[in-house]
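K.L.:
Respectively, the protein sequence lines represent chains L and D. In terms of our numbering, the first sequence opens at residue 67 and continues consecutively. In terms of our numbering, the second sequence opens at residue 67 and continues consecutively.
Number of protein chains: 2
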Amino acid sequence: MNLNHKENEKKLYSLLMENLSRVGILDARALNEAQKKLDNLTKPKGSLGRLEELAMQIAGISGRMVSRFDNKTIFTMAGDHGVTEEKVSTYPKEVTPQMVFNFLSGKAAINVLAKHIGAEVMVVDMGVSFDFEDHPFLINKKVGYGTRNMAREPAMTREEAMQSILNGIETCKLATVKKTEPDIGTDIIGTGDMGIGNTTASSAIAAVICDADVADVTGLGTGLNEEGLHNKINVIRKAIKINKPDKEDAIDILAKVGGFEIGGIAGLIIGAAINRIPVVIDGFISGAGALIALKLCPDTKHFMIASHQSVEKGHIAILSKLGLKPLFNLDLRLGEGTGAALGINFAEASLKIMNEMATFSEAKVSGKSE
Amino acid sequence: MNLNHKENEKKLYSLLMENLSRVGILDARALNEAQKKLDNLTKPKGSLGRLEELAMQIAGISGRMVSRFDNKTIFTMAGDHGVTEEKVSTYPKEVTPQMVFNFLSGKAAINVLAKHIGAEVMVVDMGVSFDFEDHPFLINKKVGYGTRNMAREPAMTREEAMQSILNGIETCKLATVKKTEPDIGTDIIGTGDMGIGNTTASSAIAAVICDADVADVTGLGTGLNEEGLHNKINVIRKAIKINKPDKEDAIDILAKVGGFEIGGIAGLIIGAAINRIPVVIDGFISGAGALIALKLCPDTKHFMIASHQSVEKGHIAILSKLGLKPLFNLDLRLGEGTGAALGINFAEASLKIMNEMATFSEAKVSGKSE
Numbered sequence: 067m068n069l070n071h072k073e074n075e076k077k078l079y080s081l082l083m084e085n086l087s088r089v090g091i092l093d094a095r096a097l098n099e100a101q102k103k104l105d106n107l108t109k110p111k112g113s114l115g116r117l118e119e120l121a122m123q124i125a126g127i128s129g130r131m132v133s134r135f136d137n138k139t140i141f142t143m144a145g146d147h148g149v150t151e152e153k154v155s156t157y158p159k160e161v162t163p164q165m166v167f168n169f170l171s172g173k174a175a176i177n178v179l180a181k182h183i184g185a186e187v188m189v190v191d192m193g194v195s196f197d198f199e200d201h202p203f204l205i206n207k208k209v210g211y212g213t214r215n216m217a218r219e220p221a222m223t224r225e226e227a228m229q230s231i232l233n234g235i236e237t238c239k240l241a242t243v244k245k246t247e248p249d250i251g252t253d254i255i256g257t258g259d260m261g262i263g264n265t266t267a268s269s270a271i272a273a274v275i276c277d278a279d280v281a282d283v284t285g286l287g288t289g290l291n292e293e294g295l296h297n298k299i300n301v302i303r304k305a306i307k308i309n310k311p312d313k314e315d316a317i318d319i320l321a322k323v324g325g326f327e328i329g330g331i332a333g334l335i336i337g338a339a340i341n342r343i344p345v346v347i348d349g350f351i352s353g354a355g356a357l358i359a360l361k362l363c364p365d366t367k368h369f370m371i372a373s374h375q376s377v378e379k380g381h382i383a384i385l386s387k388l389g390l391k392p393l394f395n396l397d398l399r400l401g402e403g404t405g406a407a408l409g410i411n412f413a414e415a416s417l418k419i420m421n422e423m424a425t426f427s428e429a430k431v432s433g434k435s436e
Numbered sequence: 067m068n069l070n071h072k073e074n075e076k077k078l079y080s081l082l083m084e085n086l087s088r089v090g091i092l093d094a095r096a097l098n099e100a101q102k103k104l105d106n107l108t109k110p111k112g113s114l115g116r117l118e119e120l121a122m123q124i125a126g127i128s129g130r131m132v133s134r135f136d137n138k139t140i141f142t143m144a145g146d147h148g149v150t151e152e153k154v155s156t157y158p159k160e161v162t163p164q165m166v167f168n169f170l171s172g173k174a175a176i177n178v179l180a181k182h183i184g185a186e187v188m189v190v191d192m193g194v195s196f197d198f199e200d201h202p203f204l205i206n207k208k209v210g211y212g213t214r215n216m217a218r219e220p221a222m223t224r225e226e227a228m229q230s231i232l233n234g235i236e237t238c239k240l241a242t243v244k245k246t247e248p249d250i251g252t253d254i255i256g257t258g259d260m261g262i263g264n265t266t267a268s269s270a271i272a273a274v275i276c277d278a279d280v281a282d283v284t285g286l287g288t289g290l291n292e293e294g295l296h297n298k299i300n301v302i303r304k305a306i307k308i309n310k311p312d313k314e315d316a317i318d319i320l321a322k323v324g325g326f327e328i329g330g331i332a333g334l335i336i337g338a339a340i341n342r343i344p345v346v347i348d349g350f351i352s353g354a355g356a357l358i359a360l361k362l363c364p365d366t367k368h369f370m371i372a373s374h375q376s377v378e379k380g381h382i383a384i385l386s387k388l389g390l391k392p393l394f395n396l397d398l399r400l401g402e403g404t405g406a407a408l409g410i411n412f413a414e415a416s417l418k419i420m421n422e423m424a425t426f427s428e429a430k431v432s433g434k435s436e
């Protein structure tokens, strides 16, 4: 590593630390105010369960009583993976850019579900091995043309790892609008991913951060058979063995066995925390990004909402490490942000409950006998 | 029982049986067509899990490829319960009509969530101890002014039980529109309930039909303390002991330990099956209604979609007996149809997935290597 790289690495590190230092915790006063408001509505206290918890969390995040979401955005972060050389996926790597085009044409699953909930899909090129032309729904945050093959060498340099996180933070900052009066609306974002090979990287991250056996956090991805799964597990074991990621150093883990889009997702989450907006986490790959964010800054957890529990085997370990309980389990295993979209819909329902229901006195309904 | 009652009972029974005989099964051809359509979309096969299952079920129910819901309706069935004399609830029974007014004014939780998903709330007076004036969102299907106290005598007569089911079937028929061209839209309905004391009746039904110990299917309702729960369990035990409901006879069970709104919910489900429209089941009380429907006609099960798993203790036993897997668990315990509303939203998402996504060939995305 020459001097320029060292200097750049130092610069990126201090920029990242500066960002992380701006992550706060939930606002206790807003939490209390939300609790009081919920308890006066015409329903037994707490009877709307996690919808009430969501409304409180959103109040705690934004630090005020928000009554609606002004901008709902799913960021589908895309990147390629050198480890596809090891035949870890049933789909060819060309599918990554092909699916980016599918997202941009508005006909992929994430577009359909985002439209269903009134959200916008922004596709972020974090590191696809293809040059896209400009497009209104594409954000260019390319760190490289795919990672290197982690079964042979580190997937990326430490600089690239930090750059991918910083690019995710930057994406969140640029795309959050916050244009409304402070007492009314807020943004909400959802994370999503696209990248052939990225369950392999995510399983590797989960194995290291959750301190789990690789076989316990490695699943079938888009649809491997038993032989393919066996190979995938061996590839991940090899990648961890030769690269020796330091389990206390999130940047080292991301660099050695991660992916550009996974770093981008970690950055998005950190960006949401900095901007004090809720971030709804999609499934397994987004969960791996969330693990990186958590490792870098445990307080980011307060800003996360786990949407669903994925079919992918390692997701339970990830959710447990994050300390998050998913809102639903629809046996999804697609990614793109599909689960996050449906999760945002629940978050929106919770805001409406808090703001549109009658109180006991307004509705002249008798209270509970004590 | 005098001759008039006997004749009326026979008439109601044959009317009910005639209705039940019209319940069919899922359409195999439509199921296959839906499966094929889903498998060609730009996602790994089956990767949208239960959303794909929902889309298929809806095709099988309607017998054709529906692309949208034309009318989404939540029926919130209300009734009073004589067993409230036994102090089984923390709320006074006056809350039942008060909440009906709250529903009609559009400010209760179910109104907020129905509006969120674009559905209408129809309140059905199945047996509230109050005379309501006409209202565009109120359907008068009153069977009586609340049930009798099941801890002392049967909650209703066999005639009343059958009438409540028939009134539910009638409600569904009247309210389902089916106005669109046959190949485009369909209706979907959700069940909901309001009735102080109705978790007591529902636990009694669950204990009998699921062959469970009363304590295992009796929960805190709107918020009992330990002493209150103990009393509630004893009241239910007593009701079952003195009334001796025949566990093979759904009408007998409903009559002796049920409720008018629970019979109405059973009827709604049967009505949905007859009209071949999907019915989304809310929580614990709706589950008790579904048990009655299932017992009367096992094929009604194919038309049911279980929305959520409730906090109420006996709900797991009910779902297990129904053989249904809920879509989500948000720790809800409010009823009204709140969970059903969110479930309808998932069902609608599933239709959009099937109809709006690009196929692999349309999007020029490479398929899986075999």
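Don't be surprised by glycine CBs; every beta carbon is placed ideally from N, CA and C.
At a Cβ threshold of 9 Å, is Pro65 of chain L touching chain D?
P.N.:
Nothing can be reported for residue 65 of chain L: it is not among the residues displayed for chain L, which extend from 67 to 436.
K.L.:
If we ignore side chains and look at the alpha-carbon of each, how far apart do Met192 of chain L and Lys207 of chain L end up?
P.N.:
Looking up residue 192 of chain L in the first sequence gives position 126. Looking up residue 207 of chain L in the first sequence gives position 141. So the two alpha carbons sit approximately 5 Å from each other.
K.L.:
Can you tell me where the alpha helix (DSSP H) with Val161 of chain D in it begins and where it stops?
P.N.:
As a working note, residue 161 of chain D is residue 95 in the second sequence. That run of the alpha helix (DSSP H) goes Val161 to Leu170.
K.L.:
Looking only at C-alpha atoms, which of D:Leu417, D:Ile302, D:Glu236 and D:Lys361 sits nearest to Gly333 of chain D?
P.N.:
Here residue 333 of chain D refers to the residue found at position 267 of the second sequence. Nearest of D:Leu417, D:Ile302, D:Glu236 and D:Lys361 to Gly333 of chain D, Cα basis: D:Glu236.
K.L.:
Is the distance from the Cβ of Asp348 of chain D to the Cβ of Gly261 of chain D below 9 Å?
P.N.:
Against the second sequence, residue 348 of chain D aligns to sequence position 282. Against the second sequence, residue 261 of chain D aligns to sequence position 195. It is not a contact, given that the beta carbons lie outside the stated cut-off.
K.L.:
By how many angstroms is the C-alpha of Glu118 of chain L removed from the C-alpha of Asn395 of chain D?
P.N.:
As a first step, residue 395 of chain D must be located in the second sequence, where it is residue number 329. As a first step, residue 118 of chain L must be located in the first sequence, where it is residue number 52. Each residue's alpha carbon lies about 13 Å from the other.
K.L.:
For the alpha helix (DSSP H) that contains Val274 of chain D, what are its first and last residues?
P.N.:
Here residue 274 of chain D is taken as the residue at index 208 of the second sequence, counted from 1. Note, Val274 of chain D: alpha helix (DSSP H), Asn264 to Ile275.
K.L.:
Under 7 Å between beta-carbons, which chain D residues line up against Val178 of chain L? List them in chain order, please.
P.N.:
Along the first sequence, one-based indexing puts residue 178 of chain L at 112. Neighbours of Val178 of chain L on chain D, chain order: Lys418, Ile419, Glu422 and Met423.
K.L.:
Please list, in chain order, all residues of the same chain as Leu81 of chain L whose beta carbon is under 7 Å from its beta carbon, the five residues on each side excluded.
P.N.:
As a first step, residue 81 of chain L must be located in the first sequence, where it is residue number 15. Leu232.
K.L.:
Which two residues bound the contiguous beta strand (DSSP E) that contains Thr252 of chain D?
P.N.:
Mapped onto the second sequence, residue 252 of chain D falls at position 186. Start and end: Gly251 to Met260.
K.L.:
Could you check which residue in D:Ala415, D:Ile419 and D:Leu400 has the C-alpha nearest to that of Pro110 of chain L?
P.N.:
Stepping through the first sequence from its first residue, residue 110 of chain L is reached at position 44. Ranking D:Ala415, D:Ile419 and D:Leu400 by Cα distance to Pro110 of chain L puts D:Leu400 first.
K.L.:
Is the CB of Ala100 of chain L under 9 Å away from at least one CB in chain D?
P.N.:
Walking along the first sequence from the start, residue 100 of chain L turns up at place 34. It does not: the Cβ of Ala100 of chain L has no partner Cβ on chain D nearer than 9 Å.
K.L.:
Is it right to say Ala94 of chain L is buried, meaning 16 or more other beta carbons lie within 10 angstroms of its own, or is it exposed?
P.N.:
On the first sequence, position 28 is the one that residue 94 of chain L refers to. Exposed: under 16 other Cβ atoms inside 10 Å.
K.L.:
Applying the 10 Å Cβ sphere with the 16-neighbour rule, what's the burial state of Arg88 of chain D?
P.N.:
Residue mapping note: residue 88 of chain D aligns to position 22 of the second sequence, counting from 1. When all chains shown are included, Arg88 of chain D counts as exposed.
K.L.:
Taking 9 Å as the CB-CB cut-off, is Arg134 of chain D touching chain L?
P.N.:
Here residue 134 of chain D corresponds to residue number 68 of the second sequence, with the count starting at 1. Taking Cβ atoms only, chain L never reaches closer than 9 Å to Arg134 of chain D, which makes this a no.
K.L.:
Under a Cβ-count criterion, where at least 16 other Cβ atoms within 10 Å of its own Cβ denotes burial, should Thr184 of chain D be classed as buried or exposed?
P.N.:
Along the second sequence, read from residue 1 onward, the residue named residue 184 of chain D stands at position 118. A small fix is needed here, since residue 184 of chain D is Gly in this sequence, not Thr. Exposed, by the Cβ-count rule.
K.L.:
Please decide whether Thr156 of chain D counts as near chain L, where near means a Cβ-Cβ distance under 9 Å.
P.N.:
By 1-based counting over the second sequence, the position of residue 156 of chain D is 90. With 9 Å as the cut-off, Thr156 of chain D counts as an interface residue toward chain L.
K.L.:
What residues are listed by DSSP as bridge partners for Ala125 of chain L?
P.N.:
Here the question's residue 125 of chain L lines up with position 59 in the first sequence. DSSP, once it has assigned bridges, lists no residue as partnering Ala125 of chain L.
K.L.:
Among L:Ala267, L:Asp312, L:Ala241 and L:Glu225, whose alpha-carbon lies nearest the alpha-carbon of Ile255 of chain L?
P.N.:
For the purposes of this step, residue 255 of chain L is taken as residue 189 along the first sequence, with counting starting at 1. The residue with the shortest Cα to Cα distance from Ile255 of chain L is L:Ala241.
K.L.:
Given that a residue counts as buried once 16 or more other Cβ atoms are within 10 Å of its Cβ, and exposed if not, what is Ser435 of chain D?
P.N.:
As a first step, residue 435 of chain D is located in the second sequence; it is residue number 369 there, counting from the start. Exposed, by the Cβ-count rule.
K.L.:
At a CB-CB cut-off below 8 Å, which residues of chain L make contact with Thr162 of chain D?
P.N.:
Residue mapping note: residue 162 of chain D aligns to position 96 of the second sequence, counting from 1. Result: empty, since nearest Cβ-Cβ is about 10 Å, beyond 8 Å.
K.L.:
Residues of chain D with CB under 8 Å from Lys173 of chain L, in chain order?
P.N.:
Within the first sequence, numbered from 1, the residue matching residue 173 of chain L stands at position 107. In chain order: Thr108, Glu422, Met423, Ala424, Glu428 and Ala429.
K.L.:
Do you know how far the Cα of Ala413 of chain D is from the Cα of Ser195 of chain D?
P.N.:
Residue 195 of chain D sits at position 129 when you count from the first residue of the second sequence. Residue 413 of chain D sits at position 347 when you count from the first residue of the second sequence. Cα to Cα, the separation comes out at about 35 Å.
K.L.:
Please report the straight-line C-alpha distance between Asn309 of chain L and Glu226 of chain L, rounded to a whole angstrom.
P.N.:
By 1-based counting over the first sequence, the position of residue 309 of chain L is 243. By 1-based counting over the first sequence, the position of residue 226 of chain L is 160. Rounded to whole angstroms, Asn309 of chain L to Glu226 of chain L spans 16 Å at the Cα level.
K.L.:
Going straight from the alpha carbon of Lys181 of chain D to that of Ser373 of chain L, what length do you get?
P.N.:
To locate residue 181 of chain D, count along the second sequence from 1; it is residue 115. To locate residue 373 of chain L, count along the first sequence from 1; it is residue 307. Roughly 22 Å between the two C-alpha positions.
K.L.:
Is the CB-CB distance between Val274 of chain D and Lys313 of chain D below 9 Å?
P.N.:
The residue you call residue 274 of chain D lines up with position 208 of the second sequence. The residue you call residue 313 of chain D lines up with position 247 of the second sequence. Closer than 9 Å, so yes.
K.L.:
Measure the C-alpha to C-alpha separation of Ile140 of chain L and Gly263 of chain L and round it to an integer number of angstroms.
P.N.:
Taking the first residue of the first sequence as 1, we reach residue 140 of chain L at position 74. Taking the first residue of the first sequence as 1, we reach residue 263 of chain L at position 197. Between Ile140 of chain L and Gly263 of chain L, the C-alpha separation is close to 21 Å.
K.L.:
If you follow the beta strand (DSSP E) that Phe141 of chain D is part of, which residue opens it and which one closes it?
P.N.:
Walking along the second sequence from the start, residue 141 of chain D turns up at place 75. From DSSP, the beta strand (DSSP E) with Phe141 of chain D extends over Arg134 to Gly145.
K.L.:
Give a single yes or no on whether Gly129 of chain D has its beta carbon closer than 8 Å to a heavy atom of the ligand HEM.
P.N.:
The ligand HEM is absent from the structure shown, which contains no ligands of any kind.
K.L.:
What three-state label does DSSP hand Met228 of chain L in the structure shown?
P.N.:
For the purposes of this step, residue 228 of chain L is taken as the residue at position 162 of the first sequence. Met228 of chain L falls in the helix class under three-state DSSP.
K.L.:
What is the C-beta distance between Val323 of chain L and Pro311 of chain L, in whole angstroms, given that I count them as a contact (C-beta under 8 Å)?
P.N.:
Sequence index remark: in the first sequence, residue 323 of chain L carries index 257 (1-based). Sequence index remark: in the first sequence, residue 311 of chain L carries index 245 (1-based). Indeed they touch by this definition, with Cβ atoms about 6 Å apart.
K.L.:
To the nearest angstrom, how far is it from the Cα of Ile124 of chain L to the Cα of Met165 of chain L?
P.N.:
In the first sequence, residue 124 of chain L corresponds to position 58, counting from 1. In the first sequence, residue 165 of chain L corresponds to position 99, counting from 1. Near 32 Å, if we compare the C-alpha coordinates of Met165 of chain L and Ile124 of chain L.
K.L.:
Nearest-angstrom Cα distance between Glu422 of chain L and Asn74 of chain L?
P.N.:
Here residue 422 of chain L refers to the residue found at position 356 of the first sequence. Here residue 74 of chain L refers to the residue found at position 8 of the first sequence. Their backbone Cα atoms lie some 51 Å apart in a straight line.
K.L.:
Going by DSSP, what residue range makes up the alpha helix (DSSP H) through Leu360 of chain D?
P.N.:
By 1-based counting over the second sequence, the position of residue 360 of chain D is 294. Note, Leu360 of chain D: alpha helix (DSSP H), Phe350 to Leu362.
K.L.:
Would a C-beta distance cut-off of 9 Å place Phe329 of chain L and Ser268 of chain L closer than the cut-off?
P.N.:
Looking up residue 329 of chain L in the first sequence gives position 263. Looking up residue 268 of chain L in the first sequence gives position 202. Note on identity: in this sequence residue 329 of chain L is Gly, with Phe being the wrong assignment. Not in contact: Gly329 of chain L and Ser268 of chain L (Cβ atoms no closer than 9 Å).
K.L.:
Just to confirm before moving on: does the CB-CB distance between Met370 of chain L and Leu393 of chain L stay below 9 Å?
P.N.:
In the first sequence, residue 370 of chain L corresponds to position 304, counting from 1. In the first sequence, residue 393 of chain L corresponds to position 327, counting from 1. Cβ distance not < 9 Å, so Met370 of chain L and Leu393 of chain L don't count as in contact.
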